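**Q**
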Amino acid sequence: MESGTEGTVALLIRNKLELALKPRRLDIADDSHLHAGHAGASVDGESHFRLVVVAAAFEGLSRVDRQRLVYEILADELAGPVHALSLSAITPQQDSTES
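Numbering-wise (the numbering used here), the sequence shown opens with residue 1362 and increments by one.
As structure tokens, this is what we get:
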């Protein structure tokens, strides 16, 4: 999702992660429409997100510690409007999109 089309929650997620992690790449997809009518799905959307975060800040951290770091940064959103978060947190060396 491009930043020009992101909703309020997605922009908040982007701003917090960019400030805290200075990611080389940050992809945010709002998958809420795939969960319409499910438990935890907001009628307003922006409740289910898929993130790819590529950051040097993850170097030396286990996969669990990387996820824990992102969850700590997004604690307020996870306690509120965000019901589900699918997360890929990798280092720049692990990013297959770079040549």
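Where a beta carbon is used, it is the ideal one built from N, C-alpha and C, also for glycine.
Please read all numbers here as calculations on a predicted model, not as lab measurements.
In terms of alpha-carbon separation, which member of GLU1433, VAL1370, VAL1431 and LEU1380 lies closest to ALA1390?
**A** When each option's Cα is compared against that of ALA1390, the closest is VAL1370.
**Q** Given that a residue counts as buried once 16 or more other Cβ atoms are within 10 Å of its Cβ, and exposed if not, what is ARG1427?
**A** Classification for ARG1427: buried.
**Q** Tell me which same chain residues have a C-beta within less than 8 Å of the C-beta of LEU1439, skipping the five on either side of it?
**A** Taken in chain order, the residues that qualify are TYR1432 and LEU1446.
**Q** Mind checking which residues open and close the alpha helix (DSSP H) that includes ASP1426?
**A** Looking at the DSSP string, the run of the alpha helix (DSSP H) that includes ASP1426 is 1424-1434.
**Q** Please say whether ILE1451 and LYS1377 have beta carbons closer to each other than 8 Å?
**A** No, they are not a contact pair.
**Q** With the cut-off set at 8 Å, would you say GLU1407 and PRO1442 are in Cβ contact?
**A** A contact, by the Cβ cut-off of 8 Å.
**Q** Who does ARG1386 pair with in a DSSP beta bridge?
**A** According to DSSP, which records beta bridges pairwise, ARG1386 is partnered with VAL1415.
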